[in-house]
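Engineer: Let me give you the structure first, and then I'll get to my questions.
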Amino acid sequence: MVAAVNSQGNHQAVLLREALESLNIHPSGNYIDATFGRGGHSLAILQQLNEKGRLIAFDQDPEAVAFARQKFKDEPRFTIVHCNFNRVADVIEQYGRTEKIDGVLMDLGVSSPQLDDAARGFSFLRSGPLDMRMDTSQGETARHWLARVKTADLIRVLKKYGEEKFARRIATAIVETRNEREIIETGDLAEIIANAIPVKEKHKHPATRSFQAIRIYLNEELQAIEQGLTGAASVLAKGGRLSVISFHSLEDRIVKRFMRNISSRPKLPAGLPVMEADIEVPYRQVGKSIIAGKEELGINPRARSARLRVLERRL
Ligand SMILES: C[S@@+](CC[C@H](N)C(=O)[O-])C[C@H]1O[C@@H](n2cnc3c(N)ncnc32)[C@H](O)[C@@H]1O
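Using the numbering used here, you'd call the opening residue of the sequence shown number 192 and step up by one each time.
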């Protein structure tokens with residue numbers, strides 16, 4: 192999710208100190224930043240590595256990849272890959288580093304530059320073309336999807352990925368409008384949604400949930416997180432850490448469930464000559480989840496929904 196924009200206009204990394212500590216960085220280790228963004232976390236990780244240390248960063252957004260190539264062009268310890276992190280295990284295998292990775296960071300969602308750039312079509316505050324794709328080199332834009340989606344499917348998406356209680360009213364309003372004229376701009380869509388909602392929430396723009404829902408659906412974010420978590424855990428070395436920052440309950444629910452399941456003893460069928468307690472579990476959860484402290488919230492109120500969870504590979 193978004194964070195503040197610092198004095199250079201870049202994304203201000205969320206839970207930076209906590210994320211670094213949770214990775215327990217070895218200066219000559221191998222690390223992955225699975226969500227490069229504008230490199231706030233990547234830079235901080237690199238600052239803790241010596242000349243033998245290595246960082247491989249991923250981002251599915253071509254703009255983030257171009258920024259990384261420019262920012263770290265003279266940095267031999269750094270590699271950027273234009274790729275969805277749901278393919279992390281395949282890519283790391285190609286680099287010959289499977290089970291050699293000391294830490295993976297995932298900072299989920301969209302970055303400030305993606306939200307603040309109206310041309311990306313993520314924002315209901317700055318009107319721009321209805322795109323909402325993280326990876327603009329492929330996939331369907333929100334404009335094209337909204338021009339063809341069935342009302343029932345739109346209702347399902349708004350409910351499932353936005354937890355929007357006025358999903359039916361909003362979907363009906365969108366479909367009625369698009370049957371008369373095409374919806375092209377985010378500002379237009381935000382207005383249609385706002386007019387369809389009978390009761391407005393204080394301190395929350397009426398289009399927030401719908402925009403989140405359409406974005407998550409078009410970018411298949413939740414499926415990618417499930418696959419990315421499995422892949423990231425599989426490439427860890429013994430003692431390696433997976434640190435994940437989520438920003439809303441849908442993301443955090445997946446992370447929490449994944450970490451709980453992978454660090455639990457398997458239930459054994461009765462009668463087996465093995466005690467469950469004797470089964471060594473290859474992963475453990477590290478401490479409780481971490482949220483932003485007063486100081487960070489003072490600088491960056493948007494960090495209020497950030498939650499960091501950490502997993503360690505034991506075997
Ligand atoms: C919240 S930002 C990360 C900000 C970064 N930690 C920083 O300090 O600048 C998330 C970034 O991850 C990318 N991203 C989100 N989901 C992704 C996925 N499934 N695969 C690859 N990149 C993804 C987005 O394009 C965005 O640039």
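Glycine is no exception: its CB is placed at the ideal position from the N, C-alpha and C atoms.
Where does Met323 sit, in a helix, a strand or coil, going by DSSP?
Structural biologist: Of the three classes helix, strand and coil, the one that applies to Met323 here is coil, per DSSP.
Engineer: Give a yes or no on whether the C-beta atoms belonging to Arg498 and Ser437 are separated by under 8 Å.
Structural biologist: In contact: Arg498 and Ser437 (Cβ atoms closer than 8 Å).
Engineer: Mind checking whether the beta-carbon of Asn277 lies closer than 7 Å to any heavy atom of ligand 1?
Structural biologist: It does: the Cβ of Asn277 is within 7 Å (strictly closer) of some heavy atom of ligand 1.
Engineer: Please work out which residues of its chain come closer than 6 Å, Cβ to Cβ, to Ala364, disregarding the five sequence neighbours upstream and downstream, and give them in chain order.
Structural biologist: Once the five neighbours on either side are set aside, the close Cβ partners of Ala364 are Ile383, Ala387.
Engineer: In three-state DSSP terms, what is Arg432?
Structural biologist: Here Arg432 sits in strand by DSSP.
Engineer: Kindly indicate which three-state DSSP category Asn221 falls into: helix, strand or coil?
Structural biologist: Strand at Asn221.
Engineer: Can you find a heavy atom of ligand 1 that lies under 7 Å from the Cβ of Val301?
Structural biologist: The answer is yes for Val301.
Engineer: Inspect the CB distances between the stretch 209 to 227 and the stretch 284 to 302 and report whether three or more fall short of 8 Å.
Structural biologist: Counting Cβ pairs under 8 Å, three or more are found: they touch.
Engineer: How about the stretch 313 to 331 and the stretch 235 to 247: do they share at least three Cβ pairs that are nearer than 8 Å?
Structural biologist: Result no; under three Cβ-Cβ pairs closer than 8 Å.
Engineer: Sort out for me which residues DSSP pairs Glu355 with in a bridge.
Structural biologist: Bridge partners of Glu355: none, in fact.
Engineer: Can you tell which of Ala428, Lys393, Glu290, Glu412 has the C-alpha that lies nearest to the C-alpha of His439?
Structural biologist: Comparing Cα-Cα distances from His439 to each of Ala428, Lys393, Glu290, Glu412, the minimum goes to Glu412.
Engineer: Return no unless some Cβ of chain D is closer than 8 Å to the Cβ of Arg347.
Structural biologist: Among the protein chains of the structure shown there is no chain D, as only one such chain exists.
Engineer: Where do the N-terminal and C-terminal ends of the alpha helix (DSSP H) with Arg498 fall, by residue?
Structural biologist: Counting along the chain, Arg498 falls outside any alpha helix (DSSP H), though it belongs to the beta strand (DSSP E) covering 498 to 504.
Engineer: Kindly indicate the opening and closing residues of the alpha helix (DSSP H) around Arg245.
Structural biologist: That residue, Arg245, is in no alpha helix (DSSP H); its beta strand (DSSP E) goes 245 to 250.
Engineer: Would you say Gly228 touches ligand 3, meaning its beta carbon is less than 7 Å from a heavy atom?
Structural biologist: As presented, the structure is devoid of ligand 3, carrying ligand 1 as its sole ligands.
Engineer: Considering only heavy atoms of ligand 1, does any lie closer than 7 Å to the CB of Ala204?
Structural biologist: Yes, the Cβ of Ala204 comes within 7 Å of a heavy atom of ligand 1.
Engineer: Can you tell me whether Arg268 is helix, strand or coil according to DSSP?
Structural biologist: Arg268: coil per DSSP, three-state reduction.
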